[in-house]
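Chains as they are written, first to last, in UniProt numbering: chain A, 1 to 363; chain B, 1 to 130. Note that CB positions come from ideal geometry on N, CA and C, so glycine has one too.
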């Protein structure tokens, strides 16, 4: 048996199919993964993401610590509430984890890291914080519910604590508002508008039930995966990890090379990787033949293997199979994927595939 | 509790087999199997005329989650496949024992059918799994 979030009994009551994920017992779906996916694209759905871990980073050295720790530059965060997506690298340029960093005020930050990597991440942060005036505190006392979709705002507003309603509704995309122990980020992992709400574990079930009553559809990890794939968002452990760095995973945009004197962990290794002959392009794939793209299938061009699918599946919005793949630079747009020993035709496209309910690629 | 019709035969790998009474059988996957797989989005059906061995993988059902092989329960010739599944793979979720059938076989030895699981034995297989 895995770890259980404060919402586990809610999932059981709703008839969820529970699966192990990152050490936790989590809902895969509550009946139909595809219907859950559509609910988020068309109206509003919610995910229990309490397995993810908020980590508070505070103190006089918080900013210099974060500027050393992360490949993106925490100094970009000047407005209170603003969020930044960043990779935490090792000295070899491998990805220890990817995270969202929120700026809460001078010397106060909150990172949200992945479930399966949380303990490793915190140990790494503590080791890098030695000798600095910075406190690193794991917030496993908080639950987290992501409410996503075009109707998410309307359905969430009246369910927030009263003093948080106006600030949360006024928060721009990738900003957060907070009050007492509630923290509401206008962030997510679906390509739709919405909120990620961190709140005391004891309050989580009441909010979840109120959201169910407000016709927000409970969604499992299955829909979460197809939504993020359509939205062109990477998954740690699949698209990048300690052996596959950001330059090979389409995350070059998250590396802040300027200012040049900022010495972040992994910088030297990344600089050497930029022009390395083994560096791969990270691309989107649309399957034009019949079948389903899956991780680890080979990408073929000119009769040889030129790459590998990292994430793949069926896109409920496109009703086609899509994927991310790592391929040799210069791979022609018309290529193929080896599905059970047969080459099936595919086309390289630029993710995202879908954002805000709109299809963004040519079918 | 999933539906296990009494008049069918079954395999441990969750195929059902219906005796059509004309020397042929129809094969599909059980209600329990479709529920475990989740939303089905693609089916690779066998070519008509293909000769298959018992327990040979001859079709593939892909759900949102994963690809699963479907095995021929008896040796014989594939005489028809359900082409409707090309456009409506979700028929397997909606109607696993009827519209969601996958292929028909003319078995080399029809008496082998009696060696497959009956409904009670299959029910036990499902219960042992859950």
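**Prompt:** In chain order, what residues of the same chain lie with their CB nearer than 6 angstroms to the CB of residue 108 (chain A), ignoring the 5 residues before and after it?
**Reply:** Only 58 meet the Cβ criterion.
**Item:** Min CB distance residue 27 (chain B) to chain A below 8 angstroms
**Value:** Output row for residue 27 (chain B): interface = no.
**Prompt:** What is the C-beta distance between residue 344 (chain A) and residue 285 (chain A), in whole angstroms, given that I count them as a contact (C-beta under 8 angstroms)?
**Reply:** The pair is not a contact, with the Cβ atoms about 11 angstroms apart (cut-off 8 angstroms).
**Message:** Buried or exposed, going by whether 16 or more other CB atoms sit within 10 Å of the CB of residue 34 (chain B)?
**Reply:** Per the 10 Å Cβ criterion, buried.
**Short-range partners of chain A found in the UniProt domain "Lipoyl-binding" (24-106) of chain B, where Cβ spacing is below 9 angstroms** = 35, 36, 38, 39, 41, 42, 44, 60, 62, 63, 64, 65, 66, 67, 86, 90 and 93: these are the residues of the UniProt domain "Lipoyl-binding" (24-106) of chain B whose beta carbon lies less than 9 angstroms from some beta carbon of chain A, given in chain order.
**Request:** Quick one: list the residues of chain B neighbouring residue 34 (chain A), beta-carbon separation under 7 angstroms, in chain order.
**Result:** Within chain B, the residues 39 and 64 have their CB atoms less than 7 angstroms from the CB of residue 34 (chain A), given in chain order.
**Message:** Could you compute how far the alpha carbon of residue 128 (chain B) sits from the alpha carbon of residue 40 (chain B)?
**Reply:** Rounded to whole angstroms, residue 128 (chain B) to residue 40 (chain B) spans 24 angstroms at the Cα level.
**Message:** So with CB distances below 9 angstroms, who are the chain D contacts of residue 294 (chain A)?
**Reply:** Note that chain D does not occur in the displayed structure, where the protein chains are A and B.
**Request:** Could you tell me whether any Cβ in chain B is nearer than 8 angstroms to the Cβ of residue 226 (chain A)?
**Result:** Among the CB atoms of chain B, one or more fall inside 8 angstroms of the CB of residue 226 (chain A).
**Message:** Helix, strand or coil, according to DSSP, for residue 88 (chain B) in the structure here?
**Reply:** Coil, per DSSP.
**Request:** Indicate the three-state DSSP secondary structure (helix, strand or coil) for residue 322 (chain A) in the structure shown.
**Result:** It is a strand residue.
**Touch test, the region 75-88 of chain B against the region 101-117 of chain B, Cβ-Cβ under 8 angstroms, three pairs minimum** = Output reads yes: the region 101-117 of chain B touches the region 75-88 of chain B.
**Message:** Among A:18, A:121, A:227 and A:83, whose alpha-carbon lies nearest the alpha-carbon of residue 452 (chain A)?
**Reply:** Because chain A here runs from 1 to 363, residue 452 (chain A) falls outside it and cannot be looked at.
**Prompt:** residue 53 (chain A) lies in the beta strand (DSSP E); which residues open and close that run?
**Reply:** Per DSSP, the continuous beta strand (DSSP E) segment holding residue 53 (chain A) begins and ends at 53-58.
**Message:** Can you find the residues in the same chain that come closer than 7 angstroms, C-beta to C-beta, to residue 93 (chain B), ignoring five residues on each side of it along the sequence?
**Reply:** Sequence-distant partners of residue 93 (chain B) (beyond 5 residues in either direction) whose C-beta falls short of 7 angstroms from its own C-beta, in its chain, are 34, 39 and 40.
**Prompt:** Would you say residue 276 (chain A) reaches chain B, if we count a Cβ-Cβ gap shorter than 8 angstroms as a contact?
**Reply:** Not closer than 8 angstroms to any Cβ of chain B, the Cβ of residue 276 (chain A) fails to qualify, so no.
**Prompt:** Where are the alpha helix (DSSP H) runs, 4 residues long or more, that stay fully inside the region 166-224 of chain A, in chain order?
**Reply:** Listed in chain order, they are 201-213.
**Request:** Let me know the beta strand (DSSP E) ranges lying completely inside the region 32-98 of chain A, each 3 residues or longer, listed in chain order.
**Result:** Counting whole runs of 3 or more residues, the region 32-98 of chain A contains the beta strand (DSSP E) stretches 45-48, 53-58 and 83-89.
**Message:** Between residue 314 (chain A) and chain B, is any beta-carbon pair separated by less than 8 angstroms?
**Reply:** Among the CB atoms of chain B, one or more fall inside 8 angstroms of the CB of residue 314 (chain A).
**Request:** Quick one: residues in its chain with C-beta nearer than 7 angstroms to the C-beta of residue 242 (chain A), no 5 flanking neighbours on either side, listed in chain order?
**Result:** Only residues of its own chain outside the window of five on either side were considered, and among them 90, 94, 95 and 96 have a CB closer than 7 angstroms to the CB of residue 242 (chain A), listed in chain order.
**Request:** Assign residue 363 (chain A) to buried or exposed, taking buried as 16 or more other Cβ atoms, counted over all protein chains shown, within 10 Å of its Cβ.
**Result:** With fewer than 16 other beta carbons inside 10 angstroms of its own, residue 363 (chain A) counts as exposed.
**Request:** With residue 305 (chain A) as the anchor, note down where its beta strand (DSSP E) starts and where it stops.
**Result:** Segment 304-315, the beta strand (DSSP E) holding residue 305 (chain A).
**Asked** Three-state secondary structure (DSSP) at residue 26 (chain B)?
**Response** Strand at residue 26 (chain B).
**Asked** What residue from A:326, A:294, A:311 and A:5 has the CA that sits closest to residue 278 (chain A)'s CA?
**Response** Distances from the CA of residue 278 (chain A) to each of A:326, A:294, A:311 and A:5 were compared; the closest alpha carbon is that of A:326.
**Request:** List the residues of chain B whose Cβ lies closer than 7 angstroms to the Cβ of residue 29 (chain A), in chain order.
**Result:** Around residue 29 (chain A), the beta-carbon contacts reaching into chain B at under 7 angstroms are 38.
**residue 358 (chain A), DSSP secondary structure in three states** = Assigned with DSSP and collapsed to three states, residue 358 (chain A) falls in strand.
**Prompt:** Which chain B residues are close to residue 222 (chain A), counting only those with a beta carbon under 9 angstroms from its beta carbon?
**Reply:** Residues of chain B with a Cβ closer than 9 angstroms to the Cβ of residue 222 (chain A) are, in chain order, 38, 39, 64 and 65.
**Message:** Across the region 143-162 of chain A and the region 184-194 of chain A, are there enough close Cβ pairs to call them in contact, namely three or more that are closer than 8 angstroms?
**Reply:** Proximity of the region 143-162 of chain A to the region 184-194 of chain A meets the contact definition, three or more beta-carbon pairs being nearer than 8 angstroms.
**Boundaries of the beta strand (DSSP E) in which residue 43 (chain B) is found, first to last residue** = Run containing residue 43 (chain B): 40-44, per the beta strand (DSSP E) assignment.
**Request:** Could you please give the first and the last residue of the uninterrupted beta strand (DSSP E) stretch that includes residue 55 (chain B)?
**Result:** Careful: residue 55 (chain B) lies outside any beta strand (DSSP E) and carries neither H nor E.
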